[in-house]
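**Student:** Sharing a structure here in structure tokens format.
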Amino acid sequence: MVTVLRRTLLALGLPAFLFAAWWIASAGSTSFYFPPLSAIVAEFGETWTAERWRDDVLPSIARLGAGYAASCAAGVGLGLLIGRTRWLFHLTEPVLEFARAVPPPVLVPVIMLFAGIGDGMKTAVIVSGCVWPILLNTVAGVRSVEPVQLDTAAAYRLGRTRTLLAVVLPGASPRIVTGMRQALAIGVILMVISEMFAAQSGLGFAIVQFQRSYAIPAMWSGILLLGGLGAALAALFALFDRAVLHWYHHQRTEEA
């Protein structure tokens, strides 16, 4: 209990300090573009009503969830296939290195050409950026499995499916989860970017609309909400990480 409380205080200490410093430093601000934090907080409750949550926030979360889930499925599936097939790895390695170097935001106009401007386009944009860290980390994780473990599985005649489930996936899972964590942060960014192009709803759309109508406190409140959403998703992913890789973290603690 004491350890959990200590970790909570350490996690919240710096954000609380920065929030208080921002509040104090901006208290006397008369700038139109940088209003006091107190004005932004006051605007928050008036702006983000239940209706706006339904029309903008929840659709954004739904698009992010769909794109992220598709990226995880495609990245892990293809990563296992490429990582376990030597000739396929050497064949696709140059293409993968090229594809991951292309910034996903530049693909938005291209994706709009064949996916239109609906939810499908926004989901495709998220997938176009999130799939690469998952795919590449899965390939690296599969190829880093100890050969001794694979030889032992072959000696016991476990078969391809049992070897995959009992040896390869557990051995590669730390790298896979690392890729999923990286993809989550990329997904939030791409969610906002995709909603700034020809959208009619979403957090990115709302923030741009506030900026264009010079509702600056409301714009800042949207940015705060977006940061809070990202922090909440990171906290949820940390719980997922602990649940899935509890054996790995316990092993690391024992080795330390």
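Residue numbers (the working numbering): 5 to 260.
C-beta atoms are modelled at their ideal positions from N, C-alpha and C, and glycine is treated no differently.
All values reported here derive from a predicted model rather than from experimental measurement.
Give, in chain order, every unbroken run of the alpha helix (DSSP H) that is at least 4 residues long and sits entirely within the segment 89–167.
**Tutor:** Qualifying alpha helix (DSSP H) stretches, in chain order: 90–105, 112–119, 123–147, 151–159 and 163–167.
**Student:** Can you tell me where the alpha helix (DSSP H) holding Ser30 begins and where it ends?
**Tutor:** As a working mapping, residue 30 is identified with position 26 in the sequence shown. Looking at the DSSP string, Ser30 is not in any alpha helix (DSSP H), and its letter there is neither H nor E.
**Student:** Does the Cβ of Phe209 have 16 or more other Cβ atoms within 10 Å, making it buried, or fewer, making it exposed?
**Tutor:** Counting from one through the sequence shown, the residue named residue 209 turns up at place 205. By the 10 Å Cβ count, Phe209 comes out buried.
**Student:** Look up Trp52 in the DSSP assignment and say whether it is helix, strand or coil.
**Tutor:** In the sequence shown, counting from the first residue as 1, residue 52 sits at position 48. Assignment of Trp52 by DSSP, reduced to helix, strand and coil, places it in the coil class.
**Student:** Gly145: which of Thr96, Gln204, Val80 and Met200 sits nearest, CA to CA?
**Tutor:** Position 141 of the sequence shown holds residue 145. Here the closest residue by C-alpha is Val80.
**Student:** Since Ser132 contacts Pro108 with CB under 8 Å, what's their CB separation in whole angstroms?
**Tutor:** Taking the sequence shown and counting its residues from 1, one reaches residue 132 at position 128. Taking the sequence shown and counting its residues from 1, one reaches residue 108 at position 104. About 5 Å; that satisfies the 8 Å criterion.
**Student:** Would you mind giving the Cβ-Cβ distance between Ala157 and Thr142, rounded to the nearest angstrom? I have them listed as a contact below 8 Å.
**Tutor:** Translated into the one-based positions of the sequence shown, residue 157 becomes position 153. Translated into the one-based positions of the sequence shown, residue 142 becomes position 138. A Cβ-Cβ separation of about 19 Å leaves Ala157 out of contact with Thr142 under the 8 Å criterion.
**Student:** By Cβ distance, which residues of its chain are closer than 6 Å to Arg147, with the 5 residues on each side in sequence left out?
**Tutor:** Here residue 147 refers to the residue found at position 143 when the sequence shown is read from its first residue. Taken in chain order, the residues that qualify are Gly87.
**Student:** In angstroms, rounded to a whole number, what distance separates the CA positions of Val129 and Val112?
**Tutor:** Here the question's residue 129 lines up with position 125 in the sequence shown. Here the question's residue 112 lines up with position 108 in the sequence shown. Between Val129 and Val112, the C-alpha separation is close to 6 Å.
**Student:** Any heavy atom of the ligand MG within a distance shorter than 6 Å of the CB on Leu92?
**Tutor:** Because no ligand of any kind appears in the structure shown, any question about the ligand MG cannot be addressed here.
**Student:** Buried or exposed: which applies to Pro98, given that a residue is buried once 16 or more other Cβ atoms fall within 10 Å of its Cβ?
**Tutor:** Against the sequence shown, residue 98 aligns to sequence position 94. Exposed: under 16 other Cβ atoms inside 10 Å.
**Student:** Just tell me which of Val248, His254, Pro40 and Leu240 has its CA closest to the CA of Leu173.
**Tutor:** As a working note, residue 173 is residue 169 in the sequence shown. Closest by alpha carbon: Val248.
**Student:** Using alpha carbons as the reference points, say which of Glu50, Thr53, Trp26 and Gly231 lies closest to Ile193.
**Tutor:** On the sequence shown, residue 193 is found 189 positions in, with the first residue counted as 1. Ranking the options by Cα distance to Ile193, first place goes to Gly231.
**Student:** How would you label Arg246, buried or exposed, when you count the other beta carbons within 10 angstroms and need 16 or more for buried?
**Tutor:** Numbered from 1 along the sequence shown, position 242 holds the residue referred to as residue 246. Arg246 is exposed by the Cβ-count criterion.
**Student:** At what residues does the alpha helix (DSSP H) containing Trp57 begin and finish?
**Tutor:** Against the sequence shown, residue 57 aligns to sequence position 53. Careful: Trp57 lies outside any alpha helix (DSSP H) and carries neither H nor E.
**Student:** Apart from the five residues just before and just after Val61, which ones in its own chain have a Cβ nearer than 7 Å to its Cβ?
**Tutor:** Against the sequence shown, residue 61 aligns to sequence position 57. Excluding sequence neighbours, Val61 sits near Leu207.
**Student:** How big is the Cα-Cα spacing for Ala24 and Leu228?
**Tutor:** The count along the sequence shown starts at 1 and reaches residue 24 at position 20. The count along the sequence shown starts at 1 and reaches residue 228 at position 224. Their Cα atoms are separated by approximately 14 Å.
**Student:** Report yes or no: do three or more beta-carbon pairs, one from the segment 181–196 and one from the segment 88–97, lie closer than 8 Å?
**Tutor:** no
**Student:** Going by other Cβ atoms of all chains shown within 10 Å of its Cβ, with 16 needed for buried, is Thr34 buried or exposed?
**Tutor:** In the sequence shown, counting from the first residue as 1, residue 34 sits at position 30. By the neighbour-count rule (16 or more Cβ atoms within 10 Å), Thr34 is not buried but exposed.
**Student:** Let me check understanding here. Comparing Cα to Cα, which of Trp251, Ser217, Gln255 and Gln186 lies closest to Gly234?
**Tutor:** For the purposes of this step, residue 234 is identified with residue 230 of the sequence shown, where counting begins at 1. Gly234 has its Cα closest to that of Gln186, out of Trp251, Ser217, Gln255 and Gln186.
**Student:** Between which residues of its own chain and Ala31 is the CB-CB distance below 6 Å, once the five residues before and five after are set aside?
**Tutor:** On the sequence shown, residue 31 is found 27 positions in, with the first residue counted as 1. Cβ within range, chain order: Pro40.
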